[in-house]
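Participant: Numbering (the numbering used here), first residue to last: -13 to 123. Ideal Cβ positions, reconstructed from N, Cα and C, are used throughout, including at glycine. One structure is given below, represented as structure tokens, and several questions about it will come after.
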């Protein structure tokens, strides 16, 4: 499973959201552990929990920005957040219950979701917010 490397293509152009995404990517990469695969189950659980907790925080942060700026696509964006949260919560519960194989599903799922969500809905949100910021000036 490849790690995610931050690059300009992942920037949504709105620094507060980009900073959140950089932290999410760092946490995602930390969940992989060392290249030799020597990370313990407890370490994986700790990092996954931190990644999930920060993801929830980030969703709230993004949704507050959407509400504050009257984002026109807020309901669809929130729905995507809720769907991811439900899927990740279920996978995390399975891992905590002892299903070690969940990591093989969870990490690729998170990677694909993170990249696709940033490049799609979050880019549109960033465009909206940067346009909103220009209109206020």
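Please specify which runs of the alpha helix (DSSP H), each continuous and at least 4 residues long, are wholly inside the stretch 64 to 118, giving them in chain order.
Facilitator: The stretch 64 to 118 contains these whole alpha helix (DSSP H) runs: 88 to 103.
Participant: Tell me, please, whether the stretch 54 to 67 touches the stretch 25 to 38 by the rule of three or more beta-carbon pairs shorter than 8 Å.
Facilitator: As far as the Cβ criterion goes, the stretch 54 to 67 does not touch the stretch 25 to 38, which means the pair count is below three.
Participant: Label residue 105 either buried or exposed according to how many other C-beta atoms from any shown protein chain fall within 10 Å of its C-beta, with 16 as the threshold for buried.
Facilitator: Taking the first residue of the chain shown as position 1, residue 105 is located at position 119. Under this definition residue 105 is an exposed residue.
Participant: Quick one: what does DSSP say residue -2 is sitting in, helix, strand or coil?
Facilitator: Along the chain shown, read from residue 1 onward, the residue named residue -2 stands at position 12. Reduced to three states, the DSSP call for residue -2 is coil.
Participant: Among -9, -2, -11, -12, which one has its Cα closest to the Cα of residue 113?
Facilitator: Counting from one through the chain shown, the residue named residue 113 turns up at place 127. Comparing Cα-Cα distances from residue 113 to each of -9, -2, -11, -12, the minimum goes to -2.
Participant: Could you name the residues of the same chain whose beta carbon sits closer than 6 Å to that of residue 11, not counting the 5 residues immediately before and after it, in chain order?
Facilitator: The sequence position of residue 11 within the chain shown is 25, counting from 1. The residues are -10, -8.
Participant: For residue 6, name the three-state secondary structure that DSSP assigns.
Facilitator: Counted from its first residue, the chain shown places residue 6 at position 20. In this structure, residue 6 counts as helix in the three-state DSSP scheme.
Participant: I need the straight-line Cα distance from residue 54 to residue 3, nearest angstrom please.
Facilitator: Translated into positions along the chain shown, residue 54 becomes position 68. Translated into positions along the chain shown, residue 3 becomes position 17. So the alpha carbons of these two residues sit roughly 14 Å apart.
Participant: Give the C-beta separation of residue 92 and residue 18 to the nearest angstrom, bearing in mind that I take them to be a contact with Cβ-Cβ under 8 Å.
Facilitator: Indexing the chain shown from 1 puts residue 92 at position 106. Indexing the chain shown from 1 puts residue 18 at position 32. With 8 Å as the limit, residue 92 and residue 18 do not qualify as a contact, their Cβ atoms being about 11 Å apart.
Participant: For my contact list, residue 52 and residue 111 are in at a C-beta cut-off of 8 Å; report their separation, rounded to the angstrom.
Facilitator: Against the chain shown, residue 52 aligns to sequence position 66. Against the chain shown, residue 111 aligns to sequence position 125. Right, their Cβ atoms sit about 7 Å apart.
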